[in-house]
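Q:
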Amino acid sequence: EAQVTQNPRYLITVTGKKLTVTCSQNMNHEYMSWYRQDPGLGLRQIYYSMNVEVTDKGDVPEGYKVSRKEKRNFPLILESPSPNQTSLYFCASSLSSGGYGTGELFFGEGSRLTVL
Amino acid sequence: AQSVSQHNHHVILSEAASLELGCNYSYGGTVNLFWYVQYPGQHLQLLLKYFSGDPLVKGIKGFEAEFIKSKFSFNLRKPSVQWSDTAEYFCAAPYDGSGNTGKLIFGQGTTLQVKP
């Protein structure tokens, strides 16, 4: 089954404790992206990757890191989480590396993160 | 640079009522446009998309949207809503209009509540 898998789905952590949210897709998609969803703000893009070893900042990259060492994986790293990073996070992938001209975004189930 | 705005933040309708959700974008050039839906507790999924051609786009579950370039609008419509349409709806467009940069901008979202 074609899917985007995120882990963990739920996490409560404390300020400053490094964490990683994993994202994996099995569709051989070139493009992957991370979003956070907050009430009243919709989805905001954190980072995206057009292909392996190619990453770029979205609208709200501060406090986050990503890497794309393999095509299927795109982990989101919070080196020193803070309470303002409490949010619902979505990973997404798309076939087209040129953006959205031919493809649609496929989303993971979401990871709800709480930072105390 | 693109911005996407959705005017209605919360809409309540009775079953069988007609639906129209507003979406306006700002980019003046060639633009690709999307509507995504997020059912309660689920991830986002694509409802419909516009790339070029017929400005009236049909999507899944009886939804359609009309691209009106002169109004910078891409409103979502459904003639008769069902209780199962209760969800949050997001309009989206690439940062540069056609998606070449890989940045996708989402609107704030509209929560639709359909009363049985």
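Going down the list, the sequences are from chains G and W. First residue of the first sequence? That's 162 in this note's numbering, and the numbers climb one at a time after it. First residue of the second sequence? That's 716 in this note's numbering, and the numbers climb one at a time after it. The C-beta atom is built at its ideal place from N, Cα and C for all residues, glycine as well.
Curious, which full-length beta strand (DSSP E) runs of at least 3 residues does the segment 179-263 of chain G contain?
A: Within the segment 179-263 of chain G, the complete beta strand (DSSP E) segments of 3 residues or longer fall at 180-186, 192-199, 203-212, 215-218, 237-239, 248-255, listed in chain order.
Q: Please report the residue range of the beta strand (DSSP E) in which W750(W) lies.
A: 748-753
Q: Does the Cβ of R197(G) have 16 or more other Cβ atoms within 10 Å, making it buried, or fewer, making it exposed?
A: buried
Q: Do you know offhand how far Y804(W)'s Cα is from H722(W)'s?
A: 12 Å
Q: Give a yes or no on whether the minimum CB-CB distance between Q186(G) and chain W is below 8 Å.
A: no
Q: Who are the neighbours of G203(G) on chain W, taking C-beta pairs under 7 Å?
A: F805, F821, G822, Q823, G824
Q: For the beta strand (DSSP E) containing T275(G), list its first residue and its last residue.
A: 272-276
Q: Based on Cα-Cα distance, which residue from V221(G), L249(G), N212(G) lies nearest to K230(G)?
A: Checking every option, the nearest Cα to that of K230(G) belongs to N212(G).
Q: Buried or exposed, going by whether 16 or more other CB atoms sit within 10 Å of the CB of K793(W)?
A: buried
Q: Beta-carbon separation of Y740(W) and Q717(W) under 8 Å?
A: yes
Q: Quick one: what's got a C-beta closer than 8 Å to E240(G)'s C-beta in the same chain, skipping five residues either side?
A: K179, G224, K226
Q: Using a Cβ-Cβ cut-off of 8 Å (strictly less than) and excluding sequence neighbours within five positions of T801(W), which residues of its own chain qualify?
A: Excluding the 5 residues flanking it on each side, T801(W) has same chain C-beta neighbours closer than 8 Å at Y754, P755, L827, Q828, V829, in chain order.
Q: Comparing alpha-carbon positions, which option in E781(W), D769(W), P809(W) lies nearest E735(W)?
A: E781(W)
Q: Mind pulling the chain G residues with CB within less than 7 Å of L791(W)?
A: Within 7 Å Cβ-Cβ: nothing; L791(W) doesn't reach chain G, min ~15 Å.
Q: Please confirm if Y209(G) has its CB atom under 8 Å from at least one CB of chain W.
A: yes
Q: Contact defined as beta carbons within less than 8 Å: I believe A253(G) pairs with S185(G). What is the distance between those atoms, to the nearest angstrom?
A: In fact, because the Cβ distance is near 12 Å, the residues do not count as touching under 8 Å.
Q: Below 7 Å on C-beta distance, what does H725(W) contact in chain G?
A: What H725(W) touches in chain G: nothing, since even the nearest Cβ is about 11 Å away.
Q: Tell me whether K818(W) sits in a helix, a strand or coil according to DSSP, three-state version.
A: Correct three-state label for K818(W): coil.
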